[in-house]
Structures are given as C-alpha cells and as structure tokens.
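Under full-length UniProt numbering, the first residue of the sequence shown is numbered 1, with each subsequent residue one higher.
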Amino acid sequence: MVKPVDLRFEHHEAGVIGIGEDRPRISWSFDGDEENWSQAAYELEVKWQDGGLENHTAANSTNALVTWPWRPLRSAEKAEVRVRVSSTQDISQSIWSDYTAVETGLLRPEDWQGRLIEPKSVVPGGTGYRPIVFVKKLHLKGNVTNARLYITSHGVYEAKIDSTVIGDHVLAPGWTSYGHRLLYQTFDVTSNLATSKDSNLEVTVAEGWFCGRLGWREGRRDCYGSKTGLLANLRIEYDDGKSETITTDESWKYGYGNLVASGLYDGETCDLREPSTQSGEVVCLDPPVNVLRSPDSPPVRRTGELQVQQIITTPSGKQVLDFGQNFVGVVRVKVNGPKGTAITFRHAEVLEHGELCIRTLRWALAIDTLILDGSDTVEWEPKFTFHGFRYVEVTGWPGPIDAKDFVGIVMHTDMERTGHFESSNALLNRLHENVVWSMRGNFLSLPTDCPQRDERLGWTGDIAMFGDTANFLYDTTGMLGSWLRDVSDEQMMDHGGFVPLTVPLIIEGDGEEAHAVWGDVAVILPWSLYRYSGDAEILTRQYESMKAWLDVIPRKPNRLWNYTSPWKLGDWLDPAAPPDNPGNATTDPNFVSDVFLLHVIETMVQACCSLEKQNEANRYADEAVVVRTAMKNEYVTPSGRLSPDTQTAYVLALHFGLLNEEHELSRGSSRLEELVRRNSHFKIATGFAGTPFVGHAMSKVGFDNLFYRMLLHRKCPSWLYPVTMGATTIWERWDSMLPNGDINPGQMTSFNHYALGAVADWMHANILGLRPASPGWQNVVVEPKPGGNLAWARGSYKTRCGLLKVVWSVSKDAHTDGKVFELKVVVPLNSKAEVRLPHAGPVHTVGSGMHSWTVPFVPDPWPPKAWLPKDMDPNSEELPEDDALPFPGWD
C-alpha cells in the first residue's frame, strides 16, 4: 500500500519552525514498492490552530513544490498538513500521510518589537574583541503553554536559559551579506520555561564574521560594524490565555564570561578562572528590521564525531593528535589539572616530514587555549571558531595524553545527504570520499574556498565549477539558493551588475569589473539548482541577476570578451602554473573567457525557454551564433586545430559546443586524444576551469575508456596521486604535497579545496549513469558506462519521489568465453527511467520498481597505452592496479 511520507515545505529541512513564507509550497515522497505506480491526483488537508479543517484536491501527478492552496499563514502561525494520493492504476486513495507541522516566523518588519542592544564599549580579546554576554532576568506571570524565541545578532551567538543551551545551531546566525540580509532564528523554548517562574536568558555574542578579521594577512576588521549586538523577541503564552513579549531593551545587562578571546581565524581562549560579570548598561539602537529574514538554509550544526587514531611524538618531541581525517570543526576535551594550567591546541591539516605544518595557514593562528581553574574534571570545546585540520599539537597538558580525552567535532551546514557512490576500486572510492569531506568542510554557512587559512571566503568560481557535483551529493537547494540571494544583492544593489569574486564581498576594490568563470556563477549555479530541484522559482528570482551579468560583460565589436582587468584568472592552478603564479596557465585566459561566454549564453537560452520567455530565448540564441562564429574565426586555425592547443581548450570547446560541426568534432577529438596519450601520458593538464569537464568532453566523443585511464592514473598530476599520498580531502593544487613529502612552496596551498573534485560529477553521470531527464529528477536517465578496471559499481540518489538506486557488475559469462554486464535499477514511485545499456541497443523506458538486465559485454582493450617516444622504454609506463574489491551483492 502506498503511503505519502516526508512532507516538506519549500526547501526547508524537516521539523523546522519559523519559516519566512506565508504560502509555502508542499512536497512529499512515497513509501511502497508497487510497480509502475504513478500519482494521478492528491488531496491535501490542513488543520488550523483552532482545530478547523480544510481540504483541497487536484488531478495532478506533481508531488514536489505543490502550491499552498489555502489562505496565507499569518506571522507566528502554526498549522498541520497531511496528504493522500491516488494512482493512474487504481482510483482508490492511499492512506493519509502523518500530519506535518508548519510554522511561520515573524513575516513583517512591524512584527518585531524592542531594540538592538550593544555594549557601551568593547574590550580587546586576543587579536580581536572579547565576547560579550547579554543577560535578562525573566519573571514569568504564570504557567507557560507556548514560547518562541526569535533571535539574531551582529556577530555569532549562543543562547541559554538557566544554563541550558537553546537549540543545536553553531555560529548562528551564519554569514550573509549583512547589509542586505540578516538571518534570524526561531526556537521553541516552551520546555525551558515550564519549570520555574524566574529564569535567566543569557546570550553570548562573539565577533564572528560581523566585526572579526576577514581576508588574508592583516585582513579587514569591522566589515559590517565595530560592535557586536543582539536582537531578541521572546513570545510567551500562558495557560490563562494571556501572552507577553519580552524584548531586548535597556533593561538588559552585559558583561563577560570566561571567554577572553574568540576569532574565526585565530581561535578561542577560555580562562575558567575568570569571574562572570554582567552589570554593564547596554546601548539601544533601532533594530535592522528591514533586512531581517528567516533562513532558507539549514543551520551549521555539529554533525559527527571523530576519535583520535594515534598520538604522534614528532622529531622535535612535540605531542600531536592524529584524527585520521582532515575535517572542519573543533576538538572537545576532558581534563582536570592545577589552577592556572594553560593548555594550547594548535591545528593543521598536514605534517611535513613529521612536524606540524602551519605555513599553509598563512596568517591564521588556529590556536585554541584552555586555562584551568583547578576544579573538578571539565569538558570543554570552543564555541565561536572553527578550524580545518587533521592534526592537533597539544602543549601544556597536565599529565600523560590519553586519546580518550579528545573528540573531533565535525561541523558544517546540516544539509541532507542525497547521493552515494561506491565501486570495485578502493582508490576511486577514497577519492569520492575525499570529495564528500571537502564539500562538508567548505559548506559552512556558505560555499567557501577553504576552511583553514586566513581566507575562508565565498569564492564564486569554485562553486560555479562544483555546483553539479554538490547538488548530487547533498540537497543544497536551501543553502545555495540562500547564497544566490546574496550574489544578486551584492551584484545588483552595490556593483551595477558586476559579480564580485567573493560573496559576501569583503575584498576591497572587488566588484568593480568583470571576471569570467567567477562571474559566470550568476548563470551557471541557478541553472544547476533548477536541474536538480525542479524549482523554476529559482530561475525566476535570479533571472534579473543572470541577465545583468551578461549585460555588463565588456565586449569587443565581434562580441567576444574585451578584458579590461589585468587579473585574468582563467584556468586557475593548472598543473604547469608556477607555485608563485597560479594564474599563469598554459591555456590563453581570453579563450577560457570566451568559451565560457558561449556556455552561459546558451545556458540562458535554456533558462528562458524554461521560463517561457521565448523572445529572450531567441535573442540569446542569435547571440550564441555570433559568439560561436567569432570564436571560430579567432581561435580555430586553417588546419582545424585550436589556438591554444591544450587539454583545457579542447575539453571546453568540445563540451560547450564550440566545435559543433562533424569535421570539427572529428579533428578536435583526435587532437584531444593526442594530447592525452602522447603529450601528457594520461596525466591531467587542466586547472579550475577545465577540470570539471574533462570526462564529460571525452565521453561526448566516445573516449570513455581513455578517461577511465586518466581517472585511475596515480602519478602527479592526477586525481589519485593525492590519495596515494594519504589525502583525505581534495587538495587546492594537484601537487599541494610533493612526492618527497615537501609542501608546495606556493603561499596558496590548501589541503581542503573541493574545486578539483568536480570530477565526481562524471563518476555519478557515467560510472553510475545517473542524470535527470527533466528538471527535478522525476524522470531520469540511467546510462552506466562500465570501463577501466572496474568490476562493479553501485550508488543512489534521493529524489523527491524516493530513492533511485543502481548496481552493475561485469563478470565472466558462464556459457561462453566472453563477459556479461548485469544491471539492476530501482526506480522510485511516481517516476520513470530511460535505461540505456552499453553498446547502444534499444532504450528501455520503465516505471517504478526493481528492474534488471543481463547482456553480453565486450569491454574496450584495457589499459589504453600512452603514445611514447621511440627512445622511451615501453615498460616504463605506469599502469593502473587491477585489484578489485569483492562484489557486495545486489541489495
């Protein structure tokens, strides 16, 4: 029996309260294993707070983002919704789903009461400002039946009622473009106020992104203001029907606790000897109600714990904890010792020849300090900082170090995991795990470049290249959709259509000129989110931003880029770029700019068609013809080669359709094969701009097995080289660590940068063969391309209809000397799949249920050989390892 399950509202996580939409769209999934089942109609029921019921029916197959059919919700209103459905096979209705609650926040500026409070003065703490503690004594008027805390801050905060932490958010309210959007949070605090008539509401606010140091070297302080602040509304309902709202105002006090310093880059210092004092008078200011917004995104949370794998004594005698995994978060410790004992924890991603390597952190100290007060055993973790690290150097520990006294706390935006991948190749699996860990570490409130050094900024180019990969691995629609609001705000309100290199913008002088690839995020990312979510409102909301970006790109008379900036990022960090000049790539940055221009124009054609803007679609289609013609005149030689004659150039030209005539495809693919086999011997030769598309371009022209050979290469530069060097995340450079164990001498050397991990998108779309046939994944394509030395692969993607699963294997045919390819696919309810087996053949269109195929399979010769010079020993070529993990079975 089919049952609708997992009701969601907009793109919010399950169970969230305080949403910002008064007519939230509704989505649901299905529980059941019926074959070929499709929804024909649905019935929605709402239960209002007064107990009243209203129903709405529709003959519709849609189960995602269904329009709210009733009156708009009011501020701070709660309702419950359930759904039942009927199918095309059976007119009888399913059983009802469970009721799911939806509750709005404060929807209008006038719903907010009280003032924004600040301290009269600030006290230095470390390299920044000491965290402030704001306190309000609560005198309740009766028995509490319902209470909600609506709260935000200038800075990052933690709220407590009577020493109990409210909620599980970390670094709230997160980082947005504060001048345009300041997020507030809503917490149910009913149970916190139910046991006592007198309570204390205590909120600690640290500098965070609001007034802390941001950017490299000395960076910038006070980007949004020079003081932390707090705004809170506590709405309380009593059992006698009365209510009250307690707000931040002049009755609050402020002071300090035991946190004497806290910064995002430099770390946190806690002195347990410090007395708690909250007697200072606050300053009241007008609250920023016009920029207050309820979050679209899940919050940052503690999402996991890691144990110490070993305790290392370095050659210099230092004690270092090894957590076995590079991650983002903090360390929780359990310790007791004499009063005044100062323990420091210094974080780093790697060891260099056995010692902690801190050079890659640049000007970020990444040191947490705990000073003991001599009392009983204390459990402590930093509250308002985060680090990117695997190793922690501990000094000052009272007594022998025991691994059981330390826990690594993993932190990131708590998105739902949606995509999984596994294969018979252990190194490939580790590469995929590294991609996931790098995404987790760099999706902390916004998509950052790196989590460890004095940067951690929302670089636009990184996520432009990684968007499809991210959208498969996690449900990013809320988080990246929220970040795109900041992109358009910064672009449209502050910079005349130019997209800054980082969003939120903190680099002085940025945002005044156009940068290809990085600025292209304004078009590329909304389209990616639409493909994965099926939410056309994202395109509608971002359309003016997308259009404005194309309008401000400086053009020559032939409509190609007219780059006015001397800083052309281009194919950033290609393997040939010198350590001290990462933009000095082998591919002409003008070509990169122009081919991406063609790509974003053609993406705009698709977006306009999806939004039924046919006139605009026609205009952009005509523009694409002009740009393609100009590019061919500019970059294609009479012999049919490209100038520049590089891997990146041919990859982008083939993938983005610059070479679109049959003879151009033939010549371009032949030259790409030469570059891969003869020039690079299957090593990668692309940077940020080319890397995400290498596999896709080679598959487009039938070179799947050649790309498998590149993917499984293990010498530098390659995707598996870092894995063989012990990497547990994706590196910023192909050679962030050199083969001899030295760290790359470049100042810009991160060991946690997801951009080069965009190859995982090819793994999902080609090894697993999963991709959407239409936006939103209700209709899918399953087209696995077995190859390389892979004996099997399996994976899944959670769509709004349910879990799409694929498992395949290649094995010996029991009846012949050949091989067979076996495939099993599980299609969710209310979905259809086009299944395409290797070696062409018919397309199998199937509905929900489990489906299997067994067909003869003739693999391409493996491994493909490099084209070596005549004087080179053919036995010197490195060949992939063929050890295969055992097949896990079909479940």
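Backbone N, C-alpha and C fix where the C-beta goes; we use that ideal spot for every residue, glycine too.
- With 16 or more other Cβ atoms from the protein chains shown falling within 10 Å of its own Cβ, S262 counts as buried.
- The criterion of a C-beta distance shorter than 9 Å is satisfied by T418 and L473.
- Burial check for E250: the Cβ neighbour count within 10 Å stays below 16, so the residue is exposed.
- Restricted to the region 377-406, the beta strand (DSSP E) segments that are unbroken, complete and at least 3 residues in length are 378-380, 387-395, listed in chain order.
- Per DSSP, the unbroken beta strand (DSSP E) holding K832 starts and ends at 832-836.
- Non-local C-beta neighbours of S86 in its own chain, meaning closer than 6 Å and more than five positions away in sequence, comprise A40, A41, Q93, ordered along the chain.
- Counted as a single uninterrupted DSSP element, the alpha helix (DSSP H) harbouring L484 occupies residues 477-489.
- T62 and W853 have their C-alpha atoms spaced approximately 29 Å apart.
- In this structure, S565 sits away from E602, with a CB-CB distance that is not shorter than 9 Å.
- Annotation: the continuous alpha helix (DSSP H) that includes P589 extends over 589-610.
- Looking at the DSSP output, H139 sits in a beta bridge with D198.
- Ranking G889, S848, L292, L706 by CA distance to the CA of K865 puts L706 first.
- Cβ neighbours of V701 within its own chain (closer than 8 Å, five residues either side excluded): L654, L665, G668, S669, L672.
- Contact annotation: Y129 and K227 have beta-carbon atoms nearer than 9 Å.
- Residue pairing by DSSP leaves I767 without any beta bridge partner.
- When secondary structure is reduced to three states using DSSP, V350 falls in the coil class, being assigned neither helix nor strand.
- In the assembly as shown, G408 is a buried residue. Its beta-carbon has 16 or more other beta-carbons within 10 Å.
- For I507, the three-state secondary structure derived from DSSP is coil.
- Annotation: the continuous beta strand (DSSP E) that includes L321 extends over 319-335.
- Separation of H696 and W762 (C-alpha to C-alpha, rounded to the nearest whole angstrom) is 6 Å.
- In chain order, T728 place their CB closer than 8 Å to the CB of E433, counting only its own chain and leaving out the 5 sequence neighbours on each side.
- The criterion of a C-beta distance shorter than 9 Å is not satisfied by A206 and D883.
- The region 334-344 and the region 364-376 touch, with no fewer than 3 CB-CB distances between them shorter than 8 Å.
- The continuous alpha helix (DSSP H) containing K632 extends over residues 614-635.
- Taking one beta carbon from each stretch, the region 780-798 and the region 830-848 have 3 or more pairs nearer than 8 Å; the two touch.
- Note that the C-beta distance between L457 and S294 is not below 9 Å.
- Separation of D594 and M631 (C-alpha to C-alpha, rounded to the nearest whole angstrom) is 7 Å.
- In this structure, F688 lies near W572, with their beta-carbon atoms less than 9 Å apart.
- The region 573-582 makes no contact with the region 487-507; the number of CB pairs closer than 8 Å stays below 3.
- For V723, the enclosing alpha helix (DSSP H) covers residues 721-724.
- Around R440, the same chain offers H412 as residues with beta carbons nearer than 6 Å, after the five sequence neighbours per side are excluded.
- Pairing G179 with I538, the inter-Cα distance amounts to about 22 Å.
- Taking the C-beta atoms as reference points, W112 is found nearer than 9 Å to V289.
- A direct Cα-Cα distance of roughly 25 Å separates H663 from P692.
- In the displayed model, T245 falls within a strand according to three-state DSSP.
- G263 sits in a strand when the DSSP states are folded into three classes.
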